[in-house]
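In the numbering used here, the protein residues as written are 43 to 285. Glycine included, each C-beta is placed from N, C-alpha and C at the ideal position. What follows is a short report on a single structure.
Put into structure tokens, the structure is as follows:
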């Protein structure tokens, strides 16, 4: 049995990815904020091949201890990082604290978390795969999302740099850059008259992505079918970035 770490387990992408991994007979080591543990077990009630660890990647004083615990318990070979936040704020309304809020989570803390995980891989001589969820907004600009766009661009470049450095240890690193993803929580917003004009109609394929689209890409990238793929940003955007 293969073991996969999935962070952001309670997100829509995380939930779909975990369900699909279990179907493919993976054991999922799931993580999200400690406060979401009850929510997680309500979602995955009666599921086997799964365990949960509460992690706040911003809490640097505890994170290494938690990471060592699940590496001692499971031989993790692949890691999926689904972490990020966005704030819709016009350029002239950004201030230092708002910028740091997005930059720190989307790039700095994610980078340090990946470093902590990679150190365990190298220490245990584990060859494997990392998949990081980035965004189409790291490739092309959009309004009112300055730190999100910039931090996701940095995250995609981080993956390319890590792919180069970690190749010495046979660790593959790839990113996925989705377009707008329609979920139960945001379907009303994404299908509002404004978003249909501002987003959906600008996608050449005229549809939003679904969590299933992203999950399928994740399962491919961690599989042996992708053993020669590293440093790649897989864009799942219906054509948004070709314009």
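Check the Cα spacing between residue 284 and each of 182, 45, 57, 91: the tightest is with 182. For residue 205, same chain residues with a beta-carbon under 6 Å away, outside a window of 5 residues either side, are 215, 272, 273 in chain order. A check of alpha carbon separations from residue 68 across 162, 89, 229, 139 identifies 89 as the nearest. Just so you know, the alpha carbons of residue 119 and residue 73 end up roughly 15 Å apart.
For residue 119, there is no enclosing alpha helix (DSSP H); the enclosing beta strand (DSSP E) has its first and last residue at 118-123.
Contact between residue 128 and residue 187 holds, with the beta-carbon distance rounding to 6 Å and staying under 8 Å. Taking 9 Å as the cut-off, the Cβ atoms of residue 192 and residue 121 do not count as close. In this structure, residue 148 and residue 194 form a Cβ contact; the two beta carbons are roughly 7 Å apart against a cut-off of 8 Å. Residue 145 and residue 190 have their alpha carbons spaced roughly 7 Å apart. Pairing residue 44 with residue 152, the inter-Cα distance amounts to about 24 Å.
In this chain, the beta strand (DSSP E) harbouring residue 49 covers 45-49.
In the DSSP assignment, residue 131 falls outside any beta strand (DSSP E), carrying neither H nor E. Within the segment 139-202, the complete alpha helix (DSSP H) segments at least 4 residues long are 152-165, listed from N- to C-terminus. Going by C-alpha positions, residue 178 is about 10 Å away from residue 184.
Relative to residue 246, the option among 110, 81, 282 whose CA is nearest is 282. Counting of Cβ neighbours within 10 angstroms places residue 226 among the exposed residues, the total staying below 16.
Distances from the alpha-carbon of residue 85 to those of 97, 59, 99 put 59 closest.
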